[in-house]
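Report on one structure; see the data block that follows.
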Amino acid sequence: HSQSPEALFTHVSGLKVVVPSNPHDAKGLLIAAIEDPDPVIFLEPKRLYNGPFDGHHERPVTPWSKHELGEVADGHYTVPLGKAVIRRPGAAVTVLAYGTMVYVAQAAAEETGIDAEIIDLRTLLPLDLETIVDSVNRTGRCVIVHEATLTSGFGAELSALVQENCFY
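Following this line, the structure appears as structure tokens:
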């Protein structure tokens with residue numbers, strides 16, 4: 557994807573960067589961002605507006621109303637900034653994704669039968685390095701999935717952090 561500015565924003569000192577993958581998290585993260593004393597940029601993957609996109613253009617997108625994470629609770633709740641969530645447990649490989657790519661990664665794991673642990677980062681800064689390191693140390697492998705360009709994308713930073721914290 558040629559217009560993925562998240563890496564640019566992660567270079568701004570003191571700025572928190574949020575990229576939700578579903579309506580439930582979007583509401584909770586937005587409230588947490590509003591309540592946070594520090595500046596937060598909230599990036600909405602527009603491909604997720606109609607439902608979780610699985611990477612197959614030929615298939616219809618299932619609307620959020622029929623998806624477990626499409627339900628947005630009434631009232632006040634927050635999703636903590638800096639806390640990733642394991643969307644699919646697995647033992648063969650850790651897959652790091654955010655935004656639209658969470659569903660693309662899940663679909664790929666299901667279609668191939670790979671026992672992949674899918675981690676939805678939800679926030680890029682602060683990054684939940686503990687969840688990432690725990691998973692990669694358990695599986696011994698890591699795949700990073702993002703929409704940005706290969707050069708200077710946030711995936712390069714994730715790759716460096718995984719190498720530094722898990723393999724050396």
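This note's numbering applies: residue 557 is where the sequence shown begins, and numbers increase by one.
In this text, a Cβ means the ideal position worked out from N, Cα and C, and glycines have one as well.
Quick caveat, the model's predicted, so the values are computed rather than measured.
With 16 other Cβ atoms within 10 Å as the buried cut-off, status of residue i
i: His702; result: buried
i: Tyr659; result: buried
i: Leu604; result: buried
i: Val568; result: exposed
i: Leu564; result: exposed
i: Ile688; result: buried
Within 8 Å, strictly: CB atoms of residue i and residue j
i: Gly709; j: Ser560; result: yes
i: Pro579; j: Leu637; result: no
i: Ile670; j: Ala648; result: yes
Contact belief for residue i with residue j at Cβ below 8 Å, rounded distance in angstroms
i: Val651; j: Glu673; result: 7 Å
i: Thr566; j: Glu713; result: 7 Å
When the options are compared against residue i, the one with the closest alpha-carbon
i: Asp684; options: Lys602, Gly631 and Lys572; result: Lys572
i: Asp594; options: Leu586, Val617, Pro579 and Gly570; result: Gly570
i: Ala640; options: Val649, Ala629, Gly631 and Ile675; result: Ile675
i: Ala582; options: Val689, Val617, Tyr654 and Ala716; result: Tyr654
i: Leu717; options: Leu680, Arg644 and Gln662; result: Leu680
i: Pro645; options: Lys602, Val617, Arg694 and Asn606; result: Arg694
- Item | Completely contained alpha helix (DSSP H) runs for the segment 659-704, where each covers 4 or more residues | If we require 4 residues or more, the alpha helix (DSSP H) runs fully inside the segment 659-704 come out as 685-695.
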